[in-house]
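Trainee: Chains as they are written, first to last, in the numbering used here: chain F, 12 to 221; chain G, 3 to 125. Beta carbons are placed, not taken as given, at the ideal position from N, Cα and C, and that holds for glycine.
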């Protein structure tokens, strides 16, 4: 199983903390509301186990709407933002305001969720790229609806047999709306080693050796 | 107040175009807002509408925002262009600077739109 040293793990959590902080700021600007986010908990687990964990978590609804984007460059990953399906319309309403009629709102729900995913995932991944001093090229966002297993399987990296999920669990708390969101990064084994290399370069720079 | 201006919003997200349009209309009800959903369409719209400012998303299907901005820069060298993108990477900012165009990160907020329009208000 893939492992990080204590220092590498600490650096990874710190880097993702900064990335998630940027994503929280973006989310707050989208919904025009204060957003609190928990410190991300990070674990590396096989894809099948990740789906099972998400599926057995009482806080995670059975049906999820997800937005995924593939990133390539310093390391390759599929980033997935997941929200409860029954909350997505509420999130879109917060984004576009009260004046848009329900029919129009429903029509644009999928597109709006893609844009929210695009902004949040790029905010987080872009921050990681800046910290690593490397560029990550992102694909267009893709929208999914289904169980956590179906969504993880629908992503290109998720369908690879040796893929590992860097499970980054984030609890979004909006001041007025109890909405929980989750972010997962799916990486194949080779990509995990690339990520580890980037972490070590970051550590070396932090110690003045880069 | 300055004269009426035309702003071209280029974004494949209808929601983003709608939000940007709302903020522009709120700040300058008399300004004209044109929209394009792709880089290719932005070239056609710019030739028709001769905008005073172009707001350009980056990650779009087809030719994409960078290629469209490069072409628009050649055709309309006097028209200010600003990327309006979720891609917050330093490399994107540096690319915009090298092209001589502006950079504004998403999400679109009224303050960010106001900042982009401010350069035109005095003109």
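Please identify the residue among 14(F), 134(F), 46(F) and 139(F) whose C-alpha is closest to the C-alpha of residue 185(F).
Mentor: Here the question's residue 185(F) lines up with position 174 in the first chain. Selected option, being the one with the closest Cα: 46(F).
Trainee: Comparing C-alpha positions only, which one of 13(G), 8(G) and 22(G) sits nearest to residue 116(G)?
Mentor: Taking the first residue of the second chain as position 1, residue 116(G) is located at position 114. Comparing Cα-Cα distances from residue 116(G) to each of 13(G), 8(G) and 22(G), the minimum goes to 22(G).
Trainee: Rounded to the nearest angstrom, what separates residue 45(G) and residue 13(F) at their Cα positions?
Mentor: In the second chain, counting from the first residue as 1, residue 45(G) sits at position 43. In the first chain, counting from the first residue as 1, residue 13(F) sits at position 2. Taking the straight line from one Cα to the other gives about 49 angstroms.
Trainee: Residue 41(F) versus chain G: which residues are under 7 angstroms apart at the beta carbon?
Mentor: As a first step, residue 41(F) is located in the first chain; it is residue number 30 there, counting from the start. 109, listed in chain order.
Trainee: Comparing alpha-carbon positions, which option in 220(F), 213(F), 218(F) and 22(F) lies nearest residue 85(F)?
Mentor: Sequence index remark: in the first chain, residue 85(F) carries index 74 (1-based). Nearest C-alpha to residue 85(F): 213(F).
Trainee: Quick one: residues in its chain with C-beta nearer than 7 angstroms to the C-beta of residue 22(F), no 5 flanking neighbours on either side, listed in chain order?
Mentor: The sequence position of residue 22(F) within the first chain is 11, counting from 1. Closer than 7 angstroms at the Cβ level, and outside the excluded window around residue 22(F), lie 210, 213 and 214.
Trainee: Kindly say whether residue 71(G), judged by its beta-carbon, lies nearer than 9 angstroms to any beta-carbon of chain F.
Mentor: As a first step, residue 71(G) is located in the second chain; it is residue number 69 there, counting from the start. No, residue 71(G) lies away from the interface with chain F (no Cβ there is under 9 angstroms from its Cβ).
Trainee: Compare the C-beta of residue 178(F) with all C-beta atoms of chain G and state if any pair is closer than 9 angstroms.
Mentor: Translated into positions along the first chain, residue 178(F) becomes position 167. Closer than 9 angstroms: no.
Trainee: With distances taken from CA atoms, which of 128(F), 104(F) and 129(F) is nearest residue 117(F)?
Mentor: Within the first chain, the letter at position 106 stands for residue 117(F). When only C-alpha atoms are compared, the closest one is 104(F).
Trainee: Is the Cβ-Cβ distance between residue 175(F) and residue 198(F) less than 9 angstroms?
Mentor: On the first chain, residue 175(F) is found 164 positions in, with the first residue counted as 1. On the first chain, residue 198(F) is found 187 positions in, with the first residue counted as 1. Contact: yes.
Trainee: Could you name the residues of the stretch 89 to 110 of chain F whose beta carbon sits closer than 9 angstroms to any beta carbon of chain G, in the order they occur along the chain?
Mentor: 103, 106, 107, 108 and 110
Trainee: For residue 162(F), does the three-state DSSP call read helix, strand or coil?
Mentor: Position 151 of the first chain, counted from the first residue, corresponds to residue 162(F). Looking at residue 162(F) - three-state DSSP - the assignment turns out to be helix.
Trainee: If you follow the beta strand (DSSP E) that residue 13(F) is in, where does it begin and where does it stop?
Mentor: Locating residue 13(F) in the first chain gives position 2, counting from the first residue. Residue 13(F) -> no beta strand (DSSP E), and no H or E assigned at all.
Trainee: Reducing DSSP to helix, strand and coil, say where residue 88(F) ends up.
Mentor: For the purposes of this step, residue 88(F) is taken as the residue at position 77 of the first chain. Under the three-state reduction of DSSP output, residue 88(F) falls in the strand class.
Trainee: Using a Cβ-Cβ distance under 9 angstroms, would residue 14(G) count as near chain F?
Mentor: Within the second chain, the letter at position 12 stands for residue 14(G). Yes, because at least one Cβ of chain F sits closer than 9 angstroms to the Cβ of residue 14(G).
Trainee: Just checking: is the beta-carbon of residue 149(F) within a distance shorter than 9 angstroms of some beta-carbon in chain G?
Mentor: In the first chain, the residue the question calls residue 149(F) occupies position 138. So, interface residue.
Trainee: In the DSSP output, what is residue 76(F) paired with across the bridge?
Mentor: On the first chain, residue 76(F) is found 65 positions in, with the first residue counted as 1. Paired residue(s): 94(F) and 156(F).
Trainee: Assuming residue 127(F) and residue 93(F) are in contact, meaning their beta carbons sit under 8 angstroms apart, how far apart are those beta carbons, in whole angstroms?
Mentor: Position 116 of the first chain, counted from the first residue, corresponds to residue 127(F). Position 82 of the first chain, counted from the first residue, corresponds to residue 93(F). Actually they do not touch by this definition, with Cβ atoms about 12 angstroms apart.
Trainee: Which first and last residues belong to the alpha helix (DSSP H) in which residue 44(G) is found?
Mentor: By one-based count along the second chain, residue 44(G) stands at place 42. Element bounds for residue 44(G): 41 to 51.
Trainee: Indicate whether residue 124(F) and residue 159(F) have their beta-carbon atoms separated by less than 9 angstroms.
Mentor: In the first chain, residue 124(F) corresponds to position 113, counting from 1. In the first chain, residue 159(F) corresponds to position 148, counting from 1. In this structure, residue 159(F) does not lie closer than 9 angstroms to residue 124(F) by Cβ.
Trainee: Could you list which residues in chain G have their beta carbon closer than 7 angstroms to that of residue 134(F), in chain order?
Mentor: Here residue 134(F) refers to the residue found at position 123 of the first chain. Under the 7 angstroms cutoff, chain G gives 88 and 90.
Trainee: Mapping DSSP to helix, strand and coil, what is residue 113(F)?
Mentor: Here the question's residue 113(F) lines up with position 102 in the first chain. In this structure, residue 113(F) counts as helix in the three-state DSSP scheme.
Trainee: Sorry if obvious, but does the Cβ on residue 164(F) come closer than 8 angstroms to a heavy atom of the ligand FMN?
Mentor: For the ligand FMN, the structure offers nothing, since it holds no ligand at all.
Trainee: By how many angstroms is the C-alpha of residue 35(F) removed from the C-alpha of residue 48(F)?
Mentor: Counting from one through the first chain, the residue named residue 48(F) turns up at place 37. Counting from one through the first chain, the residue named residue 35(F) turns up at place 24. Cα-Cα distance, rounded: 7 angstroms.
Trainee: Take residue 164(F) as the anchor and find which of 39(F), 61(F) and 33(F) has the nearest alpha-carbon.
Mentor: Here residue 164(F) refers to the residue found at position 153 when the first chain is read from its first residue. It is 61(F).
Trainee: Give the secondary structure of residue 56(G) by DSSP, where H, G and I count as helix, E and B as strand, and everything else as coil.
Mentor: Within the second chain, residue 56(G) is the residue found at index 54, counting from 1. Of the three classes helix, strand and coil, the one that applies to residue 56(G) here is strand, per DSSP.
Trainee: My assumption, with CB atoms under 8 angstroms, is that residue 8(G) sits in contact with residue 26(G). Please give the rounded CB distance.
Mentor: Translated into the one-based positions of the second chain, residue 8(G) becomes position 6. Translated into the one-based positions of the second chain, residue 26(G) becomes position 24. Contact flag wrong, Cβ pair sits at about 10 angstroms.
Trainee: Beta strand (DSSP E) containing residue 149(F): first to last residue?
Mentor: As a working mapping, residue 149(F) is identified with position 138 in the first chain. Segment 147 to 149, the beta strand (DSSP E) holding residue 149(F).
Trainee: Tell me the DSSP secondary structure of residue 83(G) in three-state form.
Mentor: Mapped onto the second chain, residue 83(G) falls at position 81. Reduced to three states, the DSSP call for residue 83(G) is strand.
Trainee: Going straight from the alpha carbon of residue 139(F) to that of residue 27(F), what length do you get?
Mentor: The residue given as residue 139(F) occupies position 128 in the first chain. The residue given as residue 27(F) occupies position 16 in the first chain. Between the alpha carbons of residue 139(F) and residue 27(F) lies a distance of about 7 angstroms.
Trainee: Spell out whether any CB of chain F is found under 9 angstroms from the CB atom of residue 48(G).
Mentor: As a first step, residue 48(G) must be located in the second chain, where it is residue number 46. Not closer than 9 angstroms to any Cβ of chain F, the Cβ of residue 48(G) fails to qualify, so no.
Trainee: Please classify residue 133(F) as buried or exposed, where buried requires at least 16 other C-beta atoms within 10 Å of its C-beta.
Mentor: Here residue 133(F) corresponds to residue number 122 of the first chain, with the count starting at 1. By the 10 Å Cβ count, residue 133(F) comes out buried.
Trainee: Could you pull out every unbroken beta strand (DSSP E) segment of at least 3 residues lying fully inside the stretch 89 to 121 of chain G, listed in chain order?
Mentor: 104 to 107
Trainee: Take residue 73(G) as the anchor and find which of 121(G), 56(G) and 88(G) has the nearest alpha-carbon.
Mentor: For the purposes of this step, residue 73(G) is taken as the residue at position 71 of the second chain. Ranking the options by Cα distance to residue 73(G), first place goes to 56(G).
Trainee: Closest to residue 6(G) by CA distance: which of 47(G), 88(G) and 51(G) is it?
Mentor: The residue you call residue 6(G) lines up with position 4 of the second chain. Ranking 47(G), 88(G) and 51(G) by Cα distance to residue 6(G) puts 51(G) first.
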